[in-house]
Ligand code: C2O
Ligand code: CU
Ligand code: CU
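Numbering (this note's numbering), first residue to last: 95 to 614.
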């Protein structure tokens with residue numbers, strides 16, 4: 095392995111001198127990141143750094159990071175209003191359409207594509223057991239679907255690429271949620287080859303399923319949706335460049351609830367429950383909040399069996415969600431929720447990356463007496479039954495292939511040696527049967543694995559021959575696979591039909607790092 099890696103890296107080094115890569119570099123995110131280094135004042139001269147790239151070919155000039163104002167109070171997510179009066183039924187419509195919004199402080203209009211004109215898309219909040227009926231109106235100039243990421247619902251309601259709604263068309267998605275699926279989900283388009291673009295133009299919304307008995311219901315809850323945005327200096331959303339297609343798109347703006355560096359005024363009681371969505375196309379998050387204490391209580395598919403206390407850092411691959419209890423620091427004060435760069439094997443000439451302050455957290459309302467009186471969290475949150483012995487096994491291999499055939503570079507993102515084909519069924523699974531899936535990352539980059547229609551339990555990870563049993567019993571629909579790593583997980587599909595599985599760096603998914611399993 096080391097040999098082929100070394101070879102690959104020298105190929106990359108050679109390639110990085112080619113113009114397509116250096117121009118990609120110029121589109122990178124170098125300038126803004128520095129402005130957000132914790133403890134550093136905002137640097138107004140950021141755009142001046144563009145001069146550092148003067149050797150590169152001309153590319154779209156990016157807006158400086160100050161183009162979007164920082165420091166507004168954190169906005170609550172806009173909720174999708176239930177128009178049904180029947181108990182247990184949630185009915186509403188979502189219209190995907192172009193919309194012009196002035197997000198830059200100078201009033202420049204940007205054309206986004208959004209659900210119900212809202213960034214991020216509205217939050218759907220339902221109870222376990224509810225029936226959901228969403229009329230989808232596609233007012234985009236392209237086909238689209240709504241995929242209900244992570245939800246255990248029938249495949250024909252899950253917005254598969256095969257079921258695209260044409261431009262100008264509409265359909266109703268209807269499903270009933272099973273019990274025991276309370277968790278933090280999201281929804282986004284999934285049309286063949288167009289997912290990445292539709293998401294980076296603004297199409298992604300939130301979905302929370304609640305349980306009747308939630309052991310943490312008394313703790314005030316916050317919703318933090320992390321999403322990237324890239325704007326050119328004239329306020330447009332530029333198309334992907336070669337660097338984005340390779341490494342996944344990262345914008346110069348790392349937003350929370352579509353705001354740049356908003357301010358969260360922490361609850362006076364000193365404890366909050368945060369649901370965090372990594373809704374980025376590609377950016378991984380490594381979150382710290384100096385002085386505060388994190389307790390992980392949930393993953394994609396809901397609460398853990400037991401809280402994991404005393405965490406100082408939270409890692410989130412693209413598309414992952416978590417629930418954390420945040421306890422205020424005794425010292426009060428104002429601190430930044432910072433995301434630090436994650437080494438995920440980006441290729442080409444990657445500019446230096448810096449920590450970004452996503453959010454300012456103001457603890458000044460917290461009363462020290464109340465902080466001292468905070469009760470211990472419940473030691474058990476829910477029961478999670480470990481999935482039993484596997485009846486079948488599947489093996490998924492992620493790999494990358496670079497070629498310079500005919501003097502033209504190309505980069506392929508492969509799953510089991512192939513790119514996605516809607517006409518090809520890669521695997522067959524049996525309904526209600528426990529399967530062991532082995533996800534092997536033979537690529538140079540990390541790739542977050544995702545499968546539709548169900549949640550899985552990670553069993554173990556293997557790296558350089560060393561097997562590490564997974565310490566957490568948790569329900570997930572995303573797991574990062576590091577370069578050279580093998581992750582083993584167990585899952586059961588509870589509905590028949592076609593399901594996608596893929597890397598959730600959206601550019602890689604678009605490029606075909608995706609397969610499909612038919613559940614019979
Ligand atoms: Cu977020 Cu194929 O999905
Ligand atoms: Cu999904
Ligand atoms: Cu990938």
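We treat Cβ as the ideally placed atom computed from N, Cα and C, and that holds for glycine.
Going by beta carbons, residue 280 and residue 253 fall outside the 8 Å limit. Here residue 306 is exposed: its Cβ has fewer than 16 other Cβ atoms, across all protein chains shown, within 10 Å.
Judged by DSSP in its simplified three-state form, residue 520 adopts coil rather than helix or strand. For residue 290, same chain residues with a beta-carbon under 8 Å away, outside a window of 5 residues either side, are 334, 343, 375, 600, 601, 603 and 604 in chain order. Residue 357 places its beta carbon 8 Å or farther from that of residue 216. As DSSP reads the structure, residue 208 sits in a beta bridge with 191.
DSSP lists no beta-bridge partner residue for residue 427.
In this structure, residue 381 and residue 408 form a Cβ contact; the two beta carbons are roughly 4 Å apart against a cut-off of 8 Å.
Contact between residue 570 and residue 394 holds, with the beta-carbon distance rounding to 5 Å and staying under 8 Å.
Selection around ligand 2 by beta-carbon proximity, strictly under 5 Å to any non-hydrogen atom, yields 243 and 546 in chain order. With a beta-carbon spacing of about 4 Å, residue 229 and residue 187 fall inside the 8 Å limit used to define contacts.
Here the alpha carbons of residue 461 and residue 248 stand approximately 48 Å from one another.
DSSP places residue 358 in the uninterrupted beta strand (DSSP E) bounded by 357–359. Contact between the segment 255–271 and the segment 208–227 is established, with three or more Cβ pairs separated by less than 8 Å. By the 16-neighbour rule on beta-carbons within 10 angstroms, residue 266 is exposed. Taking a cut-off of 8 Å for Cβ pairs, the segment 418–425 and the segment 358–367 touch, as three or more such pairs fall below it. When the five nearest sequence neighbours on each side are left out, the beta carbons in the same chain lying within less than 8 Å of the beta carbon of residue 398 are those of 390, 391, 392, 475, 476, 478, 566, 567 and 568, in order along the chain.
Its chain contains 279, 394 and 571 as the residues whose beta carbon lies nearer than 6 Å to that of residue 244, once the 5 sequence neighbours on both sides are disregarded; these appear in chain order. In the DSSP assignment, the residues bridged to residue 506 are 495. Annotation for residue 173: 216, 217 and 219 place their beta carbon closer than 7 Å to its own, counting only its chain and skipping 5 residues before and after.
It is roughly 10 Å from the alpha-carbon of residue 536 to the alpha-carbon of residue 575. By the C-beta density criterion, residue 321 is buried, having at least 16 other C-beta atoms within 10 angstroms. Relative to ligand 3, residue 581 has its C-beta separated by 7 Å or more from all heavy atoms. Taking C-beta atoms as the reference points, residue 246 and residue 547 count as a pair closer than 8 Å. Rounded to the nearest angstrom, the gap between the Cα atoms of residue 176 and residue 579 is 44 Å.
Straight-line spacing of the CA atoms in residue 454 and residue 429 works out to 6 Å.
Taking the Cα positions, residue 360 is about 13 Å away from residue 169.
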